[in-house]
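**Student:** The UniProt record's numbering applies: residue 14 is where the sequence shown begins, and numbers increase by one.
All C-beta atoms in this analysis are idealised placements derived from N, C-alpha and C, irrespective of residue type, glycine included.
Before we start, here is the structure in question, set down as structure tokens.
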Amino acid sequence: SILYACSDGLARITLNRPEKMNSLTAPMRAALAEALDRGAAEARAILLTGAGRGFCAGQDLGDASDFENLDLDRTLREEYEPLLTRITEAPVPVICAVNGVAAGAGANIALAADIVIAARSARFIEAFARIGLIPDAGGTYWLPRLVGKARAMGMCLLAEPVTAAQAAEWGLIWDVVEDDALEARAEALGRRLAEGPTLALRLAKQALLASAANDLETQLGLEARLQGEAGRSRDFMEGVTAFLEKRAPRFEGR
Ligand code: LHQ
Numbered sequence: 014s015i016l017y018a019c020s021d022g023l024a025r026i027t028l029n030r031p032e033k034m035n036s037l038t039a040p041m042r043a044a045l046a047e048a049l050d051r052g053a054a055e056a057r058a059i060l061l062t063g064a065g066r067g068f069c070a071g072q073d074l075g076d077a078s079d080f081e082n083l084d085l086d087r088t089l090r091e092e093y094e095p096l097l098t099r100i101t102e103a104p105v106p107v108i109c110a111v112n113g114v115a116a117g118a119g120a121n122i123a124l125a126a127d128i129v130i131a132a133r134s135a136r137f138i139e140a141f142a143r144i145g146l147i148p149d150a151g152g153t154y155w156l157p158r159l160v161g162k163a164r165a166m167g168m169c170l171l172a173e174p175v176t177a178a179q180a181a182e183w184g185l186i187w188d189v190v191e192d193d194a195l196e197a198r199a200e201a202l203g204r205r206l207a208e209g210p211t212l213a214l215r216l217a218k219q220a221l222l223a224s225a226a227n228d229l230e231t232q233l234g235l236e237a238r239l240q241g242e243a244g245r246s247r248d249f250m251e252g253v254t255a256f257l258e259k260r261a262p263r264f265e266g267r
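Below, the structure written as structure tokens:
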């Protein structure tokens with residue numbers, strides 16, 4: 014129920030349980046983690062999307078109805094946390110193409126990606142309150158940072174759908190795309206990033222992620238250190254040379 018394909022440096026990962034809105038079973042979570050590892054090892058960009066009319070409806074609630082034996086604390090630590098850190102800390106850019114509804118942990122897995130685009134008909138639902146849970150899968154970390162407290166609280170306490178257009182306007186996601194253009198747009202972004210200066214993109218991710226916990230002085234120090242590293246890359250030499258020669262750069266990712 015996880016499809017994986019890699020060509021031209023772009024790994025495509027598809028959640029593929031469309032009859033249940035790609036809700037995540039335990040084997041799917043394991044397979045997704047494995048696919049993300051593969052992408053990180055062999056690709057220069059990862060594109061995550063869903064099959065069918067939804068992106069992901071979060072935890073498989075069929076799986077969750079054995080209340081006696083549920084241990085959500087363990088499930089989150091052992092099965093969701095590794096997924097989320099793989100996305101956030103991937104050494105290559107992760108693009109999420111939200112093809113339809115993204116609910117619960119499905120919404121927050123999407124928001125963990127570096128670039129999120131959504132089909133116009135997609136919806137983001139922090140559905141947790143509807144079933145008596147709190148937002149998990151990184152939602153309480155990313156939401157206030159992405160859209161501020163007022164909108165984060167509204168989304169989480171009211172659990173109402175946010176449209177793709179609203180999400181783009183709020184800054185929850187990068188862009189909204191007409192439904193029939195989503196796949197092509199996601200591919201184009203994926204290819205462009207796969208041809209990018211992969212090392213510099215990884216360091217840029219690292220700096221942006223670290224900023225949440227740093228004061229300005231620390232962050233300036235981190236930028237200096239990481240830029241020192243980027244400045245020693247072949248891609249920097251190529252980028253400057255290409256600029257001076259008025260041609261497109263050919264980045265190797267190192
Ligand atoms: C599903 C699901 C689903 C199973 C649709 N499971 N079948 C939780 C617990 C444990 C530890 C870690 O943390 C978590 C995190 C979470 O993610 S909790 C939040 C779980 N997700 C939700 O509460 C969302 C539940 N789904 C919905 O609200 C709706 O299905 C949405 C809004 C996603 C889509 O609505 P519709 O477009 O009206 O589609 P539908 O409801 O008819 O769904 C289609 C099928 O998919 C249907 O199956 P059926 O056999 O009746 O055709 C649904 O039962 C199934 N499905 N989500 N999470």
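Confirm, please, whether the CB-CB distance from Thr211 to Val105 is below 9 Å.
**Tutor:** Residue numbering aside, residue 105 sits at position 92 when the sequence shown is read from its first letter. Residue numbering aside, residue 211 sits at position 198 when the sequence shown is read from its first letter. Going by C-beta atoms, Val105 is nearer than 9 Å to Thr211.
**Student:** Among Leu97, Ala56, Ser134 and Asp86, which residue has its Cα nearest to the Cα of Leu195?
**Tutor:** What you label residue 195 is simply residue 182 of the sequence shown in a count that begins at 1. The shortest Cα separation from Leu195 among Leu97, Ala56, Ser134 and Asp86 belongs to Ser134.
**Student:** Give the DSSP bridge partners of Arg136, in chain order.
**Tutor:** Working through the sequence shown from its first residue, we reach residue 136 at position 123. In DSSP, Arg136 forms a bridge with Thr176.
**Student:** Relative to the C-alpha of Leu97, which residue among Asp50, Leu74, Asp76 and Gly75 is closest?
**Tutor:** The count along the sequence shown starts at 1 and reaches residue 97 at position 84. Nearest option by C-alpha distance: Asp50.
**Student:** Is Asp21 near Arg215, with beta carbons less than 9 Å apart?
**Tutor:** The residue labelled residue 21 in the question sits at position 8 within the sequence shown. The residue labelled residue 215 in the question sits at position 202 within the sequence shown. Not closer than 9 Å, so no.
**Student:** Ignoring anything shorter than 3 residues, give me the beta strand (DSSP E) runs that lie fully in the stretch 163-232, in order along the chain.
**Tutor:** Entirely contained in the stretch 163-232, the beta strand (DSSP E) runs reaching 3 residues are, in chain order, 188-190.
**Student:** Could you tell me if Ser36 is buried or exposed, where buried requires 16 or more neighbouring beta carbons within 10 angstroms of its beta carbon?
**Tutor:** In the sequence shown, counting from the first residue as 1, residue 36 sits at position 23. Answer is buried; the Cβ neighbour count reaches 16.
**Student:** So what's Gly67 in DSSP terms, helix, strand or just coil?
**Tutor:** Here residue 67 is taken as the residue at index 54 of the sequence shown, counted from 1. Gly67: strand per DSSP, three-state reduction.
**Student:** Is the Cβ-Cβ distance between Val160 and Ile138 less than 9 Å?
**Tutor:** One-based indexing of the sequence shown puts residue 160 at position 147. One-based indexing of the sequence shown puts residue 138 at position 125. Cβ atoms of Val160 and Ile138: not closer than 9 Å.
**Student:** Once you ignore the five residues that flank Ala58 on each side, which residues in its own chain have a CB closer than 6 Å to its CB?
**Tutor:** What you label residue 58 is simply residue 45 of the sequence shown in a count that begins at 1. Hits under 6 Å: Leu23, Val105, Pro106, Gly203, Leu206 and Ala207.
**Student:** Is Thr38 helix, strand or coil when you go by DSSP?
**Tutor:** In the sequence shown, counting from the first residue as 1, residue 38 sits at position 25. Correct three-state label for Thr38: coil.
**Student:** Quick one: what's Gln72 bridged to in DSSP?
**Tutor:** Residue 72 sits at position 59 when you count from the first residue of the sequence shown. Gln72 pairs with Leu37.
**Student:** In chain order, what residues of the same chain lie with their CB nearer than 7 Å to the CB of Arg164, ignoring the 5 residues before and after it?
**Tutor:** Counted from its first residue, the sequence shown places residue 164 at position 151. Counting only Cβ-Cβ distances below 7 Å, and skipping sequence neighbours, we find Trp183.
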